[in-house]
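Below: the structure, in structure tokens.
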Amino acid sequence: MIPETAEALEAVGIIEPFPIQELTIPVALAGSDIIGQAKTGTGKTLAFGIPLLQRIAAPADPEPGDGRPQALVIVPTRELCLQVTNDLEGAGKVRAVRVLAVYGGRAYEPQITALNKGVDVVVGTPGRLLDLHRQGHLDLSQVRVLVLDEADEMLDLGFLPDVERIIGLLPTDRQTMLFSATMPGQVVSLARRYMRKPTHVHAHDPNDSGAVVSTVRQHVYRTHPLDKQEMLARILQAEGRGLTMVFCRTKRTTQDVADDLVRRGFAAAAVHGDLGQTAREQALRAFRSGKVDVLVATDVAARGIDVDGVTHVVNYQCPEDENVYVHRIGRTGRAGASGVAVTFVDWEDVPRWKLINQAHGLPFAEPVETYSTSEHLYQDLGIPRDARGELPREQRVRAGLEAEELEYDGYAGGEAPEGRGQRSRRRLRGGRRLEEPAPAPAERADDPVRDEAGWDDEPYAEPRPRPEPVVLRPSSPFEVLFVAPPPMPGADEDLPEERPKRRRRKR
Numbered sequence: 001m002i003p004e005t006a007e008a009l010e011a012v013g014i015i016e017p018f019p020i021q022e023l024t025i026p027v028a029l030a031g032s033d034i035i036g037q038a039k040t041g042t043g044k045t046l047a048f049g050i051p052l053l054q055r056i057a058a059p060a061d062p063e064p065g066d067g068r069p070q071a072l073v074i075v076p077t078r079e080l081c082l083q084v085t086n087d088l089e090g091a092g093k094v095r096a097v098r099v100l101a102v103y104g105g106r107a108y109e110p111q112i113t114a115l116n117k118g119v120d121v122v123v124g125t126p127g128r129l130l131d132l133h134r135q136g137h138l139d140l141s142q143v144r145v146l147v148l149d150e151a152d153e154m155l156d157l158g159f160l161p162d163v164e165r166i167i168g169l170l171p172t173d174r175q176t177m178l179f180s181a182t183m184p185g186q187v188v189s190l191a192r193r194y195m196r197k198p199t200h201v202h203a204h205d206p207n208d209s210g211a212v213v214s215t216v217r218q219h220v221y222r223t224h225p226l227d228k229q230e231m232l233a234r235i236l237q238a239e240g241r242g243l244t245m246v247f248c249r250t251k252r253t254t255q256d257v258a259d260d261l262v263r264r265g266f267a268a269a270a271v272h273g274d275l276g277q278t279a280r281e282q283a284l285r286a287f288r289s290g291k292v293d294v295l296v297a298t299d300v301a302a303r304g305i306d307v308d309g310v311t312h313v314v315n316y317q318c319p320e321d322e323n324v325y326v327h328r329i330g331r332t333g334r335a336g337a338s339g340v341a342v343t344f345v346d347w348e349d350v351p352r353w354k355l356i357n358q359a360h361g362l363p364f365a366e367p368v369e370t371y372s373t374s375e376h377l378y379q380d381l382g383i384p385r386d387a388r389g390e391l392p393r394e395q396r397v398r399a400g401l402e403a404e405e406l407e408y409d410g411y412a413g414g415e416a417p418e419g420r421g422q423r424s425r426r427r428l429r430g431g432r433r434l435e436e437p438a439p440a441p442a443e444r445a446d447d448p449v450r451d452e453a454g455w456d457d458e459p460y461a462e463p464r465p466r467p468e469p470v471v472l473r474p475s476s477p478f479e480v481l482f483v484a485p486p487p488m489p490g491a492d493e494d495l496p497e498e499r500p501k502r503r504r505r506k507r
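Taking full-length UniProt numbering, the leading residue of the sequence shown gets 1, the next gets one more, and so forth.
The following block contains the structure:
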């Protein structure tokens, strides 16, 4: 390892390698292709990150690169993209390695600007990488190292076809490293097609007897749907609890659980697919900084959140399969720390749980029926006897999600640029908000084009004034409002009165 990388790692307290790093780094530094398999939370990022940084030419080196990416890391989720980027930036800080995160949900312009200025390492999701390459902004002709991180998750999300297209754009004389917690058959086939005599590195701790690290203490309870929120509120008052992640299967349940916890006095935030990328990153920043200590998330978010201090993981809804279970509870007990994993199993989920239990050889084939008042729940998790369904007011010391500022593309401080703010949905029949004046006329074909970052500075022609409707204000709240249309031109002129025609009577 070069001294600059060692200095950067020592500055953040990383001195002793983990088993996967100890096995992988010497082989990777020799230039061999690698298939790395290790349990979640055992340090896979630096296992490929250190050899990757060794092989590229940084701007501070005697022979720097030309600004085109020299290394490419493909990841399945936005959260994992940001996490890997932060780790690589920290390890390459002394050498001033330029690392760019490329993912969807953000505007193209900041990413294109960074590519034009020059980068050394690109970390991205498959869809945005292909988009930037099709537009001619991402040049992959100088890539020396390719890393496929969390390959099994990319398989589950259907990204493997896009990954194969990206691999076809890279030079053939590259080094390829594939890392995954599990190795399904399709991932093995991918490795055989695109890797040259890879070395399979499988880091295994003899103290671990399954797919989950031994430092995670697991509890499984059969629950009642109407009592789960009360149980969760009491579990979150357990002694010694730090940051906590709660996992749900659906986006609606995720938001409902987060809202309920906030009403109960907890500093909670939600992360799911219905939220915009700006809101998701705001929640993650608040969680990392401690302003929020409970993060409620869907399964997709489980793959990128590597936060120090996560002591508890709660599976509010039973995982879909054994792999999802591993990745969920792998958010705690990371890097040798201890953790607690609690799983709720409803009646209809018992068959699914039995398959998960059998796959991992766990001793929870018949989960114990548990309620929020059950004695064994308090004993297992160290919950105070006087704990109730709300957090006591004297313990509500977290700042909450509102204390974390929103950050837009290139903007910070909680405000979006003009034209990019969030829309208000309080509208009347006429399409206007209560506090809003009449809308401007529709744009014409010759109007100036509005760019993605905000409105153009060129002013628009003022719209022709229109007569406002006459609104009669009620004198009491029980009277009905009558809105009269504006008078038509010439309506006040006298019109000739027409007499009705006389009807003839039959004789």
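In this text, a Cβ means the ideal position worked out from N, Cα and C, and glycines have one as well.
Interface flag, residue i vs chain C, CB-CB below 8 Å
| i | result |
| --- | --- |
| Asp152 | No chain C is present in this structure, which holds just one protein chain. |
Span separating the alpha-carbon of residue i from that of residue j
| i | j | result |
| --- | --- | --- |
| Thr5 | Ala107 | 32 Å |
| Phe287 | Arg222 | 29 Å |
| Arg426 | Asp346 | Residue placement at Arg426 is flagged as unreliable, the pLDDT there being 42, under the threshold of 50; a coordinate-derived value is accordingly withheld. |
| Asp260 | Ala233 | 9 Å |
| Phe179 | Thr42 | 12 Å |
| Asp349 | Glu320 | 9 Å |
| Gly414 | Arg134 | Here the model assigns Gly414 a pLDDT of 42, short of 50, so the residue's position is not dependable and the matter cannot be decided. |
| Gly339 | Gln379 | 16 Å |
| Pro126 | Arg393 | 46 Å |
| Glu375 | Lys197 | 56 Å |
| Glu164 | Gln142 | 18 Å |
| Thr45 | Val307 | 14 Å |
| Ala38 | Ile20 | 7 Å |
With 16 other Cβ atoms within 10 Å as the buried cut-off, status of residue i
| i | result |
| --- | --- |
| Gln186 | exposed |
| Thr172 | exposed |
| Arg385 | exposed |
| Thr113 | exposed |
| Leu236 | buried |
| Gln395 | exposed |
| Ile329 | buried |
| Asn315 | buried |
| Ile56 | buried |
| Ala60 | exposed |
| Leu80 | buried |
| Ile14 | buried |
| Gln358 | exposed |
| Pro69 | buried |
| Pro367 | buried |
| Thr77 | buried |
Identity of the residues DSSP links to residue i by a beta bridge
| i | result |
| --- | --- |
| Phe247 | Ala297 and Asn315 |
| Arg217 | Val340 |
| Phe179 | Gly36 and Asp149 |
| Val73 | Val123 and Val147 |
| Ala270 | Val296 |
| Leu100 | Val122 |
| residue 511 | Outside the shown range of the chain (1 to 507) lies residue 511, about which nothing can therefore be said. |
| Glu369 | Arg222 |
Closest Cα partner of residue i within the set the options
| i | options | result |
| --- | --- | --- |
| Thr176 | Phe247, Ile166 and Thr182 | Ile166 |
| Arg95 | Ser141, Met245, Ala8 and Ala270 | Ala8 |
| Arg192 | Ser374, Asp386, Ile34 and Asp131 | Ile34 |
| Ala11 | Leu82, Gly92, Ala181 and Asp131 | Gly92 |
| Val145 | Ala71, Pro110 and Val300 | Ala71 |
| Val99 | Glu109, Asn86, Gly333 and Asp227 | Asn86 |
| Ile2 | Leu52, Tyr325 and Ile20 | Leu52 |
| Leu381 | Val342, Gln37 and Glu394 | Val342 |
| Lys228 | Pro363, Val310 and Asp256 | Asp256 |
| Ala267 | Ala337, Gly290, Leu355 and Asp274 | Gly290 |
| Val310 | Val324, Asp299, Asn323 and Val292 | Val292 |
| Ala47 | Arg352, His202, Leu160 and Ala297 | His202 |
| Pro242 | Phe18, Leu295, Asp66 and Ala258 | The sequence shown places Gly at residue 242, rather than the Pro named in the question. Looking at the Cα atoms, Leu295 is the closest of the given residues. |
| Arg174 | Gly31, Glu402 and Ile356 | Gly31 |
Nearest-angstrom Cβ-Cβ length linking residue i and residue j, presumed shorter than 8 Å
| i | j | result |
| --- | --- | --- |
| Leu190 | Leu169 | The Cβ separation is near 16 Å, so there is no contact. |
| Arg264 | Leu391 | 6 Å |
| His272 | Thr244 | Contact doesn't hold; Cβ gap of about 17 Å is too wide. |
| Leu132 | Ile74 | Their Cβ separation, rounded to whole angstroms, is 13 Å, which puts Leu132 and Ile74 out of contact at 8 Å. |
| Ala337 | Thr215 | 7 Å |
| Ala181 | Val326 | 6 Å |
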